[in-house]
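In this note's numbering, the protein residues as written are 3 to 270.
Beta carbons are placed, not taken as given, at the ideal position from N, Cα and C, and that holds for glycine.
Structure first, commentary second.
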Amino acid sequence: MLTEIARAKLNLALHVRARRPDGYHELETLFAFVEYGDVLCVAPAEAPAFQITGPFAAALAGEGDNLVTRAAARFAETFGGGAHAIHLEKHLPVASGIGGGSADAAATLRALAGLHDVALDDPRLFAIADGLGSDVPACLLGGTAIGKGRGERLEPVAGMPGTPVLLVNPGVAVSTAEVFRRWDGVDRGPLGADPLAGRNDLEAPARVIAPVIGDVLEALAAQDGVTLARMSGSGATCFALFEDAKACAAAAAGVARFGWWSVETTLI
């Protein structure tokens, strides 16, 4: 049996450049990942099996098909390896802008690759990831990278490992499709030399759909020691980077009174 951590994905910056004829949007984004995430265990089995537990399991209970089972099926179609039993411990909120489903699919591919001696940089593995979703290749890579196109064209860059991060989700699920639909179509420019000086172009439409996102961002920005407070992906999870772990812990205590889901972690 192999265990993989499906680490939460952050978009430290997310610039939407244009709508594409294929229905997607042209993006420039800075992906980063944190230590915290879902936990996925995979073992060979006589027949395919999938089990989900954890704090956010109920949101996916009863689904006969999901990104994890799709990832396993497509791995088998490409590489063989027989059937597997998969157990997912769901710690990340669903539909929350931190790539929970994409991270789970990528962790499935990494675990299966490890069980069957497939190199993690095998182009066929990334082709499967790309077919599963725009964020899955970044989650498969699992490190800081600039993403272009739909986010699948990746350029690894230096990260900020060890930087304290506070994740906060106000408990609302935001539809990615609806957020993109409400984007105003204005190209506000590319990522610059310092992507952290960028922005998230989906924040404005997400705040229209879920105004509480604005409350979260205001609460995070007001904490001492914050170096960056921003929404991730299409929301509703927001994050703050801090100068040190003490400031992060104090901020976590400060936002606890709102009753929002929050986690202290670090960038990898």
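Where residue i sits in the DSSP three-state scheme
i, result
"Ser-136", "coil"
"Pro-163", "coil"
"Ala-10", "strand"
"Leu-62", "coil"
"Thr-146", "coil"
"Val-170", "strand"
"Ala-212", "coil"
"Pro-207", "helix"
"Gly-116", "helix"
"Leu-219", "helix"
"Ser-177", "coil"
"Val-257", "helix"
"Leu-156", "strand"
"Gly-39", "strand"
"Pro-95", "coil"
Integer-rounded CB distance, given that residue j should sit under 8 Å from residue i
i, j, result
"Val-18", "Leu-204", "7 Å"
"Ala-231", "Ala-242", "4 Å"
"Asn-171", "Leu-16", "Wrong, their Cβ atoms sit about 17 Å apart, outside the cutoff."
"Ile-54", "Leu-90", "5 Å"
"Ile-88", "Ala-51", "7 Å"
"Ala-208", "Ala-238", "7 Å"
Residues of its chain near residue i, where Cβ-Cβ distance is below 7 Å and the 5 sequence neighbours each way are ignored
i, result
"Phe-260", "Ala-221"
"Leu-122", "Arg-112, Ala-115"
"Glu-48", "Ala-85"
"Gly-194", "Gly-200"
"His-118", "Phe-81, Gly-83"
"Val-120", "Phe-81, Leu-127"
Nonlocal neighbours in the same chain, by C-beta distance under 8 Å from residue i, ignoring five residues either side
i, result
"Asp-226", "Ala-249, Ala-252, Ala-253"
"Pro-57", "Lys-92, His-93"
"Gly-164", "Thr-268, Leu-269"
Neighbourhood of residue i by C-beta distance below 6 Å, restricted to the same chain and skipping five residues each side
i, result
"Ala-175", "Ala-97"
"Leu-2", "There is no way to answer for residue 2, as the model of the chain reaches only from 3 to 270."
For residue i, the residue or residues it bridges with in DSSP
i, result
"Thr-31", "Leu-16, Gly-149"
"Asn-202", "Leu-16"
"Leu-243", "Val-167, Leu-230"
"Phe-52", "Ile-88"
"Ser-264", "Val-170"
Check whether residue i and residue j have beta carbons under 8 Å apart
i, j, result
"Ile-130", "Thr-80", "yes"
"Thr-267", "Tyr-38", "yes"
"Ala-8", "Ala-147", "no"
"Ser-136", "Phe-182", "no"
CB contact check: residue i to chain B, cutoff 8 Å
i, result
"Pro-125", "Absence of chain B from the displayed structure is noted, only one protein chain being present."
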